[in-house]
Structures are given as structure tokens and as C-alpha cells.
Amino acid sequence: MKRLFAAAALALVLAAPAAASLPIFKSGTSVGEGRPLKAYATITPTVHLFGDSITAKLAVVADTKWVDPKRLQVTADFKPYEPTKAPTVLRLSIGRFEQVTWTWTLRCITSKCVPRTPPSDLYHFYQFPRAHIAYLTVDRKPAYGINASWPPIEVISQISPGVVEILAKTHDLNWQLGISPMAKPTYRISPTLLLWLSIGAAGIFVLAGAWFASRWYLVMRPRPVAATPLDPATTLDRAIAVLRYAHETGDETLQRKAFERVAAELGVRRADELTIVARELAWSQRTPEHEEVEEFAEQAGVPRKDEP
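Counting with numbering that gives the first Met the number 0, you get residues 0 to 307 for the letters of the sequence shown.
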């Protein structure tokens, strides 16, 4: 009971705001006493079992007329406890009053936190170093700061007093663990040799795949078709070449279009009766014979290449 009353008294004392060398504003502040900021440090629970997590909170209240809360820098040391994650930061603002709360989740599962210090092997007290809150200038240099003290915490063993007493008297449980030495592993093939053989085999498969892919591409790729150079050099010559091609291939539609094209070119060069003949052949119901096409082409001024 004495330990519980002592812990409660310490918690009440440390619940008061931390004080340090701070500037005093005679015009007054929203946090009181002319101080620009105050800090409060709490831990819950202050009594816990070994291996359990605890929560440490540091709340700083500030008057935003004199303090920019974004320029507060907190330094806290919880050894041998370790944070399980990064601290969370909560900001609450009402008028000129703003409160910033840092929250850590702490846990210690190392031998340093095992309750084994007299007067009892079932509990142990810890006192974390004071947290420091610094207020930085615009160029991030400390202007002033305050300290906040954490309440002490008590770690209780998860072994009940009855079990401890029985173990001390009977020694029935053996807490020692014997580890038998293990022989060095042996390999049928050296791991290093197996690694290089695997890399070599992979390289061979890659090269083989590339070779087969290249052969497939050479077989399946479309054959390049050489463009047939046009013998005529003028637009009229090209139109008559298309006419001959359409007549030789039996493409009646293309042949009619070719006659129209020839008629248009003749109309630009010379407007004579050959232009009229070209339009008549283009819209004639019958298909012109081979001799008519050749005669028309010769009259237009483009003889065949195979002719002298």
C-alpha cells in the first residue's frame, strides 16, 4: 500500500506543468502567468506487467501570439524502453490557444526490464530522463525551452509471488537451456559451383532462345517488294502508264479513271480532239480493245518501252 500511495503522490506532483527559463510577457498570455507555453508529461499505465506496452504523452500548450507551434522541437529518451512506431502528433487550436500532443507507444522486452532488483524480484521502478521542449528561431536555432518530467513507472513480473516462493524452495523447474553443438553442413555439390553452373545454363538458354527467335523472324518476316520504277516522268506519262496497266490487268474501273486522268492532263497541255476521245472512252459502255488503247497512248505521245 505504501508503494501505491507514493506512486500516486508522484503522479499528482508531476501532473503540474513543467517550468524552466522562459520569457515572461507582462501583457499576459492565454496559458497564464505571462508564459508563452507550458508542458505536461503523462504515462499510462504507470504500473504494468513485464512485456506490456505503455503510452507516453507530452502535451505542450502555447499562446500563438508569442509562439509558432510549428517551431517546437521535442527531445525525449525512453531507454531501455523502445518506441514500437513513430510518435503521433495531434494539434488542437482555439483562438490564441493551441495544444500540440506527442504520443509514443513504448515497450521493453529485454533483460534490462526484467524485475530482479531488490527489495523484490517481482517489481522494479523506472524513471525516464526529462523531456526537453525547445522553441526554435526562424533559422532553426534554439531560442529558449522548458523541461517536462515523466512520472515513474513500475514493472511487475508476470510470475506470481507463490510461484517464486515454490521455485525458491523446491527448484523443481530448470530454467537452463542446453544447446547441442551441430555438425558443419556437407554438400554433394559445392554451393558456389552450383551457382555458377546455374548461371551458365541460364546464359545458354538465353542465347538459344535468341537464336531461335532470329531464325523465326527471318522466316516469318514479310519479303521486301522492290518498287517498280515508273518509266514516264511527267504527270501525263504516269496517267497513260496507269491506263496501260489497268487495261493489261483487266481492271475496268481503274481503266475508266485512267482515261479521265489522261483527258484532264491533255486538257491542261493541249485542248484538242484527243481530249474528247479520252473522255468518250472513259464513259463508253464497251471496253476498248487493246489496239485502241495502244493507238490512243501513241497519239498522246508516250510510246511503249519495248517499241523502237
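Don't be surprised by glycine CBs; every beta carbon is placed ideally from N, CA and C.
Bear in mind that the values here come from a model prediction, so they are computed numbers and not experimental data.
- The Cβ-Cβ distance between residue 130 and residue 57 falls below 9 Å.
- Contact check between the region 143-159 and the region 36-44: three or more CB pairs, one atom from each, fall below 8 Å, which counts as touching.
- The three-state reading of DSSP puts residue 139 in coil, since its state is none of H, G, I, E or B.
- Excluding five sequence positions before and after residue 111, the CB atoms of its chain that fall closer than 6 Å to its own CB belong to 79, given in chain order.
- Rounded to the nearest whole angstrom, the C-alpha separation of residue 96 and residue 62 is 5 Å.
- Scanning its chain for C-beta atoms nearer than 8 Å, with the 5 sequence neighbours on each side dropped, one finds around residue 105 the residues 52, 53, 54, 55, 77, 80, 81, 82 and 83, in chain order.
- Separation of residue 202 and residue 212 (C-alpha to C-alpha, rounded to the nearest whole angstrom) is 15 Å.
- The beta-bridge partner set that DSSP reports for residue 96 consists of 62 and 93.
- For residue 66, the closest alpha carbon among the candidates 294, 98 and 241 is that of 98.
- The shortest C-alpha to C-alpha distance from residue 20 to any of 93, 141, 42 and 68 is the one to 141.
- Put simply, the backbone Cα of residue 155 is about 44 Å away from that of residue 136.
- Bridge pairing for residue 40: 57 [DSSP].
- A Cβ-Cβ separation of about 5 Å places residue 89 in contact with residue 100 under the 8 Å criterion.
- By the neighbour-count criterion, in which 16 or more other beta carbons inside 10 Å mark a residue as buried, residue 204 falls on the exposed side.
- Under the 10 Å beta carbon count, residue 220 is surrounded by fewer than 16 other beta carbons and is classified as exposed.
- Under the three-state reduction of DSSP output, residue 239 falls in the helix class.
- Only buried fits residue 276, as 16 or more other CB atoms lie within 10 angstroms of its CB.
- 9 Å or more divides the Cβ of residue 128 from the Cβ of residue 103.
- Taking every protein chain shown into account, the CB of residue 290 has fewer than 16 other CB atoms within 10 angstroms, so this residue is exposed.
- Take residue 28, set aside five residues on each side of it, and the residues of its chain with a beta-carbon closer than 7 Å to its own are 34, 35, 62 and 65, in chain order.
- The secondary-structure analysis by DSSP pairs residue 153 across a beta bridge with 46 and 124.
- By the Cβ neighbour-count rule, residue 139 is exposed, with fewer than 16 other Cβ atoms within 10 Å of its own.
- One alpha carbon belongs to residue 25, the other to residue 92, and they sit about 23 Å apart.
- Between residue 262 and residue 278, the C-beta spacing is below 9 Å.
- Distance from the CA of residue 197 to the CA of residue 180, rounded to the nearest whole angstrom, comes to 33 Å.
- Residue 200 and residue 187 have their C-alpha atoms spaced approximately 19 Å apart.
- Remark: C-beta atoms of residue 157 and residue 49 approach each other more closely than 9 Å.
- Here residue 208 carries a helix assignment [DSSP, helix/strand/coil].
- Its Cα nearest to that of residue 236, the residue 260 stands out among 192, 160 and 260.
- Taking all protein chains shown into account, residue 149 has 16 or more neighbouring C-beta atoms within 10 Å of its C-beta and is therefore buried.
- Within the same chain, Cβ atoms closer than 6 Å to the Cβ of residue 296 are found at 239, the five residues on either side in sequence being excluded.
- The shortest C-alpha to C-alpha distance from residue 133 to any of 252, 255, 264 and 22 is the one to 22.
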